[in-house]
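Note that the sequence shown covers residues 671 to 1006 in the numbering used here.
By construction, the Cβ of each residue, glycine as well, lies at the ideal position given by its N, Cα and C atoms.
What follows is a single structure, written as structure tokens, with notes after it.
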Amino acid sequence: MLRAIELAKNGRYSARPNPMVGAVLVANGEIIGEGYHGEYGGPHAEVMAINSVRDKSLLKSACLYVSLEPCAHHGKTPPCSDLVIESEIPRVVIANRDPFESVNGKGIEKMERAGIKVEIGLCEREAEEMNRVFLHFQKMKRPWICLKWAESQDGFIAPFQSEKGRVHWISHPETQVLTHSWRAEFQGILIGYKTFIEDDPSLDTRAIHGPSPRPILWASKGLGQEKGKILAPERKAIILSEEEFNLGNGISYESEGFFHKLFEICRKEGIQSILIEGGAKVHQAFIEAGYYDEIRRIKGKGKLHKGVKATEIPNNVGLVKQKHFGGDQIETFRRQ
């Protein structure tokens, strides 16, 4: 099962919004086939694993280890549970049930009715951690939300506006590359209007090889003649505003209750995860509304002495990871 989970991670960028899934077939104590879901709309892990078996007669005595429940519905591909039954595989071991409404136990039930012995829960925690974004989105009907910021040793995220002429690097260059790899993990990346106007960030993954998240701008009002890197037509930015407006090829919405509208858009657009890059007021708004699942904080070694204070870490999160990287301290917190 750990091998199936390892295989599944090969689809971490290309499979979404589908989950990462890996499958391993074992017969007579040896692996006879492997596969993973490599591309959205492409063959599922079970199909790839079964197709990789050279001697198909071995399937009748094989055990299929799969990290997520085989599907039972016709989507972009036929039901994997049907293929497992047709292949006469006698035993299937599953790490996680699939909470997706069209599956959610139906694949297990179908295989058991066909006489297949099904076991559930092997390496459950490891598989849940790998697919935490997908599982959260299915259960909570909103994206996995991660707040991210860099702060100085004395707790500031930026100098005051009057001192903006000077460059203040809080984190080291190596850490800035790390943050681009974080961006690739998420399907959406959100900033507020002030950050957009003052910094004109690209919000892309130019420092690494990986997909750039879709920009989301929380604007206090409709945009006029403003220009910015994230407003390039190919970025397909989503702009949420308290006023209705049109902007090029971007998609704009009235906010009518910002969070309600944001999550409605994410469900419509299939955005299952959002990295919140700021600024401080945006971070605080998400914390006060209770919409956060993870916080990643970078603490630099330098001091600013004065400026914009960093957001306080809420009491209901726990430190799950801490490391030093590129001269900075990286901390990851999760909602408890």
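Between Trp814, Met671 and His806, which lies nearest to Val762 when the distance is taken from Cα to Cα?
The shortest Cα separation from Val762 among Trp814, Met671 and His806 belongs to Met671.
Count the C-beta pairs between the stretch 724 to 736 and the stretch 691 to 708 that are closer than 8 angstroms, then say yes if the count reaches three, no if not.
At 8 angstroms Cβ cutoff, the stretches touch.
Whose C-beta lies closer than 6 angstroms to the C-beta of Gly858 among residues of the same chain, with five residues either side of it excluded?
Hits under 6 angstroms: Pro883, Arg884, Ile886, Ile941 and Ile944.
What are the complete alpha helix (DSSP H) segments, minimum 4 residues, inside the stretch 721 to 778?
As far as the stretch 721 to 778 is concerned, its whole alpha helix (DSSP H) runs of at least 4 residues are 750 to 756.
Considering only residues of the same chain and omitting the five flanking positions on each side of Gly880, which have a CB-CB separation below 7 angstroms?
Excluding residues within five positions, the ones whose Cβ falls inside 7 angstroms are Tyr683, Ser851 and Ala854.
In terms of residues, what are the limits of the beta strand (DSSP E) holding Cys816?
Unbroken beta strand (DSSP E) run through Cys816: Trp814 to Glu821.
Return yes when the Cβ of Ile861 is within less than 8 angstroms of the Cβ of Gly948, no when it is not.
Yes, the pair counts as a contact, with Cβ atoms nearer than the cut-off.
Given Ser832, which residues of its chain have a CB within under 8 angstroms of its CB, disregarding the five upstream and five downstream residues?
Interpretation of Ser832 is limited by its pLDDT of 49, a score under 50 that renders its predicted location unreliable; the figure taken from the coordinates is listed afterwards. Closer than 8 angstroms at Cβ, skipping near neighbours: no residue.
Counting beta carbon pairs with one atom in the stretch 775 to 783 and one in the stretch 794 to 809, are three or more of them shorter than 8 angstroms?
No, the stretch 794 to 809 does not touch the stretch 775 to 783.
Excluding five sequence neighbours on each side, which residues of the same chain lie with their C-beta closer than 7 angstroms to the C-beta of Ile957?
Excluding residues within five positions, the ones whose Cβ falls inside 7 angstroms are Thr981 and Pro984.
Determine whether the beta carbon atoms of Glu739 and Val773 lie at a separation below 8 angstroms.
Their beta carbons are under 8 angstroms apart, which means Glu739 touches Val773 by this criterion.
What residue range is occupied by the uninterrupted beta strand (DSSP E) comprising Leu910?
Element bounds for Leu910: Ile908 to Ser911.
For Gly745, collect the residues of the same chain with a Cβ closer than 6 angstroms to its Cβ; drop the 5 residues on either side in sequence, then sort them by chain order.
Once the five neighbours on either side are set aside, Gly745 has no close Cβ partner at all.
Checking contacts by CB at 8 angstroms: is Leu734 closer than that to chain C?
In the structure shown, chain C does not exist; there is a single protein chain.
Around the Cβ of Gly777, are there at least 16 other Cβ atoms within 10 angstroms (buried) or fewer (exposed)?
Gly777 comes out buried.
In this structure, what does DSSP give as the bridge partners for Phe995?
DSSP output for Phe995 lists Asp998 as bridge partner(s).
Since Ile944 is in the beta strand (DSSP E), which residue starts that stretch and which ends it?
Where Ile944 is concerned, the enclosing beta strand (DSSP E) stretches over Ser943 to Gly948.
What did DSSP end up calling Leu873 once you bin it into helix, strand or coil?
Looking at Leu873 - three-state DSSP - the assignment turns out to be coil, as it is neither helix nor strand.
List the whole-angstrom C-beta distance separating Cys816 from Glu939, where the pair is believed to meet the contact cut-off of C-beta under 8 angstroms.
So it is not a contact: roughly 18 angstroms between Cβ atoms.
Distance, Cα to Cα, Gln1006 vs Val694?
Straight-line Cα distance between these residues: approximately 33 angstroms.
Identify, in the order they occur along the chain, each residue of the same chain with its Cβ nearer than 6 angstroms to the Cβ of Asn919, setting aside the five sequence neighbours on each side.
Here Asn919 scores only 47 on pLDDT, less than 50, and its place in the model should not be relied on; the value that follows carries that caveat. For Asn919, where only same-chain residues beyond five positions count, the Cβ hits under 6 angstroms are Pro903.
What does the Cβ neighbour count give for Asp630, buried or exposed, with the cut at 16 atoms within 10 Å?
The structure shown does not extend to residue 630, since the chain is modelled only from 671 to 1006, so the question has no answer here.
Sorted by chain position, which residues of the same chain lie with C-beta nearer than 8 angstroms to Val837's C-beta, five sequence neighbours on each side aside?
With a pLDDT of only 48 at Val837, under 50, the local geometry of the prediction cannot be trusted, and the value read off the model is given with reservation. Closer than 8 angstroms at Cβ, skipping near neighbours: no residue.
Can you tell me whether DSSP reads Tyr706 as helix, strand or coil?
If DSSP states are grouped into helix, strand and coil, Tyr706 belongs with the strands.
Judging by CA-CA distance, which residue of Ser731, Val736, Ala697 and Glu844 is the nearest neighbour of His714?
Checked all of Ser731, Val736, Ala697 and Glu844; the closest Cα to His714 is Val736.
So what's Val837 in DSSP terms, helix, strand or just coil?
For Val837, the predicted model reports a pLDDT of 48, less than 50, meaning its position is unreliable; a value from the coordinates is still stated below. It is coil, neither helix nor strand.
Figure out for me which residue from Lys730, Gly681, Lys976 and Gly708 has the closest Cα to the Cα of Gly825.
Here the closest residue by C-alpha is Lys976.
Relative to the C-alpha of Ile867, which residue among Gly898, Ile786, Leu989 and Gly711 is closest?
Cα-wise, what sits closest to Ile867 is Gly898.
Following the continuous beta strand (DSSP E) through Glu798, name the residue where it begins and the one where it ends.
Careful: Glu798 lies outside any beta strand (DSSP E), inside the alpha helix (DSSP H) at Glu794 to Met800.
State yes or no: is the C-beta of Thr845 within less than 8 angstroms of the C-beta of Phe1003?
Not in contact: Thr845 and Phe1003 (Cβ atoms no closer than 8 angstroms).
Which class does Phe1003 belong to by DSSP, given the choice of helix, strand or coil?
Reduced to three states, the DSSP call for Phe1003 is strand.
Roughly how many angstroms separate the alpha carbons of Leu728 and Leu677, rounded to a whole number?
Roughly 22 angstroms between the two C-alpha positions.
Just to confirm, are Gln823 and Lys971 a CB contact at a threshold of 8 angstroms?
Yes, the Cβ-Cβ distance between Gln823 and Lys971 is below 8 angstroms.
Looking only at its own chain, which residues have a Cβ that is under 7 angstroms from the Cβ of Val847, when we skip the five neighbours before and after it?
Once the five neighbours on either side are set aside, the close Cβ partners of Val847 are Ala877 and Ile878.
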